[in-house]
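Student: Below you will find the structure I want to go over with you.
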Amino acid sequence: MPKKVLGSICLVAAIGFVSCEPPKSQNPLSDPKGAKADLRLAGLWAGHMNKDVDYIVFAPREDQMMDLVLIGQDSKDGAFTMHYEFYPTTIDGKDYMNLRSKFFPDPDSEKFVLSPTFFFARYEISKDGILSLWPMSDDEVKKAITNEKLEGNVDAIPMITADSAKLSEFIKNADPEELFWFMGKYKKAVIDLPSTEK
1009 MPKKVLGSIC LVAAIGFVSC EPPKSQNPLS DPKGAKADLR LAGLWAGHMN
1059 KDVDYIVFAP REDQMMDLVL IGQDSKDGAF TMHYEFYPTT IDGKDYMNLR
1109 SKFFPDPDSE KFVLSPTFFF ARYEISKDGI LSLWPMSDDE VKKAITNEKL
1159 EGNVDAIPMI TADSAKLSEF IKNADPEELF WFMGKYKKAV IDLPSTEK
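Counting from 1009, one number per residue, gives the positions in the sequence shown under the numbering used here.
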């Protein structure tokens, strides 16, 4: 898998980026029962993680969850995709994604498996419609766990065990410039679809 994919919301992931895996959490930032899809995100967005153009598709669902599909290009290995389910949480005026990886064991089947753990990314849509993404830094989470500022385990991949309330409070009091690292900017694509007539 291309290294930059793991950086794409590592989406990301979704959205790794600098490290192989993002810090994981046993709990989300807020209760999913009260979640509402952020319809501002719905659609296709294009941007750059490195030199190549990458795309993110945000698809809202009836249950107020959203799917995030990262479509990337790599000059050596070709195209790749990464799939996530998420819902937003707002903390102290800032928006965050509660992401879970969505796996399709059989690529020819619609059946999927969700990761039992979460990871997080901060996001912002500017007044001119530019989407910026900041995944959580594993180094900063390791420091916080080691210094007993955040409940969790420090392994190769940090695992946060704090409950949602404590985790949200930690993020609220942290320096966002240190706890989250800048991944990139994306712009929503305007597509003129062809007619459905034959």
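Don't be surprised by glycine CBs; every beta carbon is placed ideally from N, CA and C.
In this text, all values refer to a predicted model and were calculated from it rather than measured experimentally.
Could you tell me whether the Cβ atoms of F1188 and R1130 are closer together than 8 Å?
Tutor: In contact: F1188 and R1130 (Cβ atoms closer than 8 Å).
Student: To the nearest angstrom, report how far apart T1089 and F1111 are at their CA atoms.
Tutor: One C-alpha to the other measures close to 11 Å.
Student: Could you compute how far the alpha carbon of P1096 sits from the alpha carbon of K1044?
Tutor: Using only the alpha carbons, I get a separation of about 7 Å.
Student: If we ignore side chains and look at the alpha-carbon of each, how far apart do S1145 and Y1194 end up?
Tutor: C-alpha separation (whole angstroms): 20 Å.
Student: Using the Cα positions of Y1104 and S1134, report the straight-line distance between them to the nearest angstrom.
Tutor: Each residue's alpha carbon lies about 15 Å from the other.
Student: Under a three-way DSSP split, which group does K1011 fall into?
Tutor: At K1011 the pLDDT is 37, less than 50, meaning the model places this residue with poor confidence; the figure from the coordinates comes in the next sentence. In the structure shown, K1011 sits in a helix (DSSP, three-state: H, G or I).
Student: I need the DSSP call for G1051, collapsed to helix, strand or coil.
Tutor: Here G1051 sits in strand by DSSP.
Student: Looking only at its own chain, which residues have a Cβ that is under 7 Å from the Cβ of L1019, when we skip the five neighbours before and after it?
Tutor: In this prediction, L1019 scores a pLDDT of 44, lower than 50, which makes its location untrustworthy; the coordinate-derived value is nonetheless stated afterwards. Same-chain partners within the cutoff: L1078, M1090, Y1092, L1107, A1129 and P1143.
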